[in-house]
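A.B. asks:
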């Protein structure tokens with residue numbers, strides 16, 4: 675079978691523009707990534723109160739208004755938000771695992787966003803964009 679390298683049908687260049695669905699998909703993906711990483715950082719996963727007097731909140735990575743044992747052995751409430759002092763201070767094994775997995779997820783999403791534009795030099799993308807695609811150069 676012989677394939678004619680010069681077909682009679684005229685080819686038309688495809689544009690390199692995102693469709694409305696592509697723009698929506700990109701926007702929602704970016705928003706989801708930002709919200710996911712923000713949710714990892716904020717300490718408001720669980721809310722409650724300590725002795726019905728002081729509001730407390732927890733996340734897998736941070737906490738607000740938490741009890742602490744003083745050097746004199748007394749219990750005091752620290753009125754601030756902050757990270758757990760050590761990894762072992764995270765209240766449970768499941769929260770420790772969650773902290774690791776959420777952190778890895780944030781790193782993977784950021785890595786995917788950074789690596790993705792390097793695929794713009796592939797032959798398929800160049801053919802679709804009329805040879806005008808290239809690696810994204812940040813601010814250059």
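Residue numbers (the numbering used here): 675 to 814. Note that beta-carbon positions come from the ideal geometry of N, C-alpha and C, so glycine has one too.
(1) To the nearest angstrom, report how far apart residue 800 and residue 794 are at their CA atoms.
(2) Could you give the DSSP three-state label for residue 800: helix, strand or coil?
(3) Could you spell out where the beta strand (DSSP E) holding residue 722 opens and where it closes?
(4) Across the segment 768-781 and the segment 711-726, are there enough close Cβ pairs to call them in contact, namely three or more that are closer than 8 Å?
(5) Could you tell me the boundaries of the alpha helix (DSSP H) in which residue 788 lies?
(6) At the level of alpha carbons, what is the spacing between residue 752 and residue 708?
C.D. replies: Working from what's here:
(1) 7 Å
(2) helix
(3) 720-724
(4) yes
(5) 767-789
(6) 29 Å
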